[in-house]
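Chemist:
Numbering (UniProt numbering), first residue to last: 1 to 376.
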């Protein structure tokens, strides 16, 4: 199953196992921990945790979920950030490894967890996200039947890093606003599009994305009158009618049947051919594409399968196609990447720069409030 990022209160997320960002004493705390205790039922959760006693940093223990919309609650203890020189990264890796060990022991088919240690424990969010990415990728490579969800309370939890974030913002400005005269004109007037871009970017990573205040050049209010249309030659209509009549006769002779008998390869056929050419296995491709095994089986089994755009894009990235090859693959499903959609522009940004990491792409899409790629 794929990895997803959702914006929600983790105490309301439905999953077989929900993870609590716990402390070593397994006592009710603030933030995620307080919300988990409150939703589960404080008295029963306290009693269950007291019966266990303590949990070392980097480890995880299990209690019933009680009134949470889950079967189990996994209490995981992440490290307190002390500057990065006290084994914090290793402890956080160990924490997520322990979570996944408990998931396998329980036989859970889905698990939802917060960005552990990134709250009151002070672990830098971008570094914490990198650990989640690495450990989740390693787990799903071996156990692709488990659905894994990272739950964040707001989009500011997903930070893209200063270099990548700034580059994406500039690319969106160039491709999504600057090339569209209507959006460029609206942006000069403080339009909804301009305000929305600023709000999304600064909410995603306020310290990394700052508007420089530069205005786009205003569109001219004066439109030159159109040149008068040239009079049609008297024979043009007749010639056109003659061509249409000739074309109709040609179709009657079976030309349309010939065209339909010589269609290009379908989306599914093209994907399978590209996989064979790449030397990767099916499993390698659908793992890289963040697709479930079940969905990939449908793609393999139906020659006329029509994917959604997020699914088609995921496969293009998994196969590391360049932009022309990606556009060709998408066209076989009646799709394209354009400059009219922020989703499309962000995807193009990653492909043009040879960044084929689905996890990183989804983090960027999530930060800009766009659909994630893969099967959801």
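Each residue gets a CB set at the ideal place from its N, CA and C atoms; glycine is no exception. All of these numbers come straight from a predicted model, not from anything done at the bench.
Please state whether the Cβ-Cβ distance between residue 65 and residue 6 is less than 8 Å.
Modeler: No.
Chemist: Does the beta-carbon of residue 224 have 16 or more other beta-carbons within 10 angstroms, so that it is buried, or is it exposed?
Modeler: Any answer about residue 224 is weak, because its pLDDT of 39 lies below 50 and its placement is not dependable; what the coordinates show is given next. Counting Cβ neighbours within 10 Å, residue 224 comes out exposed, since fewer than 16 surround it.
Chemist: Under a three-way DSSP split, which group does residue 198 fall into?
Modeler: In this prediction, residue 198 scores a pLDDT of 44, lower than 50, which makes its location untrustworthy; the coordinate-derived value is nonetheless stated afterwards. Three-state result, residue 198: helix.
Chemist: Give the secondary structure of residue 59 by DSSP, where H, G and I count as helix, E and B as strand, and everything else as coil.
Modeler: Coil at residue 59, not helix or strand.
Chemist: What residue from 3, 68 and 15 has the CA that sits closest to residue 33's CA?
Modeler: Comparing Cα-Cα distances from residue 33 to each of 3, 68 and 15, the minimum goes to 68.
Chemist: Hey, is the stretch 334-354 in contact with the stretch 277-288, meaning 3+ C-beta pairs nearer than 8 Å?
Modeler: No, the stretch 334-354 does not touch the stretch 277-288.
Chemist: Compute the distance between the beta-carbons of residue 75 and residue 55, then report whether it is under 8 Å.
Modeler: Cβ distance < 8 Å, so residue 75 and residue 55 count as in contact.
Chemist: Taking its Cβ as the centre, do 16 or more other Cβ atoms sit within 10 Å of residue 323, making it buried, or is it exposed?
Modeler: With fewer than 16 Cβ atoms within 10 Å of its Cβ, residue 323 is classed as exposed.
Chemist: Checking the sheet assignment: what are the DSSP bridge partners for residue 74?
Modeler: The partner list for residue 74 (beta bridge, DSSP) reads 19 and 62.
Chemist: Between the stretch 138-158 and the stretch 109-128, do three or more beta carbon pairs fall short of 8 Å?
Modeler: Flag = yes, the stretch 138-158 and the stretch 109-128 touch.
Chemist: Measure the CB-CB distance between residue 63 and residue 91 and report whether it falls below 8 Å.
Modeler: No. Outside cutoff.
Chemist: Ignore the nearest five residues each way along the sequence and tell me which others in residue 131's own chain have a CB closer than 8 Å to its CB.
Modeler: Answer for residue 131: 89, 92, 93 and 96, listed in chain order.
Chemist: Would you decide whether residue 303 is buried or exposed? Buried here means 16 or more other CB atoms lie within 10 Å of its CB.
Modeler: Residue 303 comes out exposed.
Chemist: Please work out which residues of its chain come closer than 6 Å, Cβ to Cβ, to residue 16, disregarding the five sequence neighbours upstream and downstream, and give them in chain order.
Modeler: Around residue 16: 71, 108, 109 and 110.
Chemist: Excluding sequence positions up to five away, which residues of its chain have a Cβ less than 7 Å from the Cβ of residue 336?
Modeler: Excluding positions up to five away in sequence, the list reads 327 and 330.
Chemist: Helix, strand or coil for residue 316, going by three-state DSSP, please let me know.
Modeler: Residue 316 falls in the helix class under three-state DSSP.
Chemist: Using a Cβ distance threshold of 8 Å, determine whether the stretch 140-148 contacts the stretch 286-298, with at least three qualifying pairs required.
Modeler: Touching, yes, given that three or more Cβ pairs across the two stretches are closer than 8 Å.
Chemist: Closer than 7 Å by C-beta to residue 352: which residues in its own chain qualify, once you throw out the five before and the five after it? Chain order, please.
Modeler: So the list reads 323, once near-sequence residues are dropped.
Chemist: How should residue 315 be labelled, buried or exposed, when 16 other C-beta atoms within 10 angstroms of its C-beta is the threshold for buried?
Modeler: Label assigned to residue 315: buried.
Chemist: Rounded to whole angstroms, how far is the Cβ of residue 40 from the Cβ of residue 73, which I believe are closer than 8 Å?
Modeler: Between residue 73 and residue 40 the Cβ distance is about 6 Å, and since that is below 8 Å, they are a contact.
Chemist: Can you tell me the Cβ-Cβ gap for residue 317 and residue 358, rounded? I've got them flagged as a contact below 8 Å.
Modeler: The Cβ separation is near 6 Å, so the contact holds.
Chemist: Who are the Cβ neighbours of residue 23 in its own chain at under 8 Å, not counting the five residues just before and after it?
Modeler: Within the same chain, residue 23 has close Cβ partners 29, 33 and 77.
Chemist: Taking a contact to mean a Cβ-Cβ separation below 8 Å, would you say residue 300 touches residue 267 in this structure?
Modeler: Cβ atoms of residue 300 and residue 267: not closer than 8 Å.
Chemist: So residue 374 and residue 310 are supposed to be a Cβ contact under 8 Å. How far apart are they, rounded?
Modeler: Sure, about 7 Å apart at Cβ, within 8 Å.
Chemist: When you compare only the Cα positions, how much space is there between residue 26 and residue 50?
Modeler: Cα to Cα, residue 26 sits roughly 7 Å from residue 50.
Chemist: Can the beta-carbon of residue 60 be found closer than 8 Å to that of residue 98?
Modeler: Yes, these two residues count as a Cβ contact at 8 Å.
Chemist: Going by C-alpha to C-alpha distance, which of 296, 31 and 333 sits closest to residue 264?
Modeler: Answer by Cα proximity: 333.
Chemist: Below 6 Å CB to CB, which residues in the same chain sit around residue 124 once its five sequence neighbours on both sides are set aside?
Modeler: Excluding residues within five positions, none has a Cβ falling inside 6 Å.
Chemist: Using the Cα positions of residue 133 and residue 371, report the straight-line distance between them to the nearest angstrom.
Modeler: For residue 133 and residue 371, the distance between alpha carbons rounds to 18 Å.
Chemist: Would you list the one or two residues that DSSP bridges to residue 415?
Modeler: Missing from the structure shown is residue 415; the chain here goes from 1 to 376 and no further.
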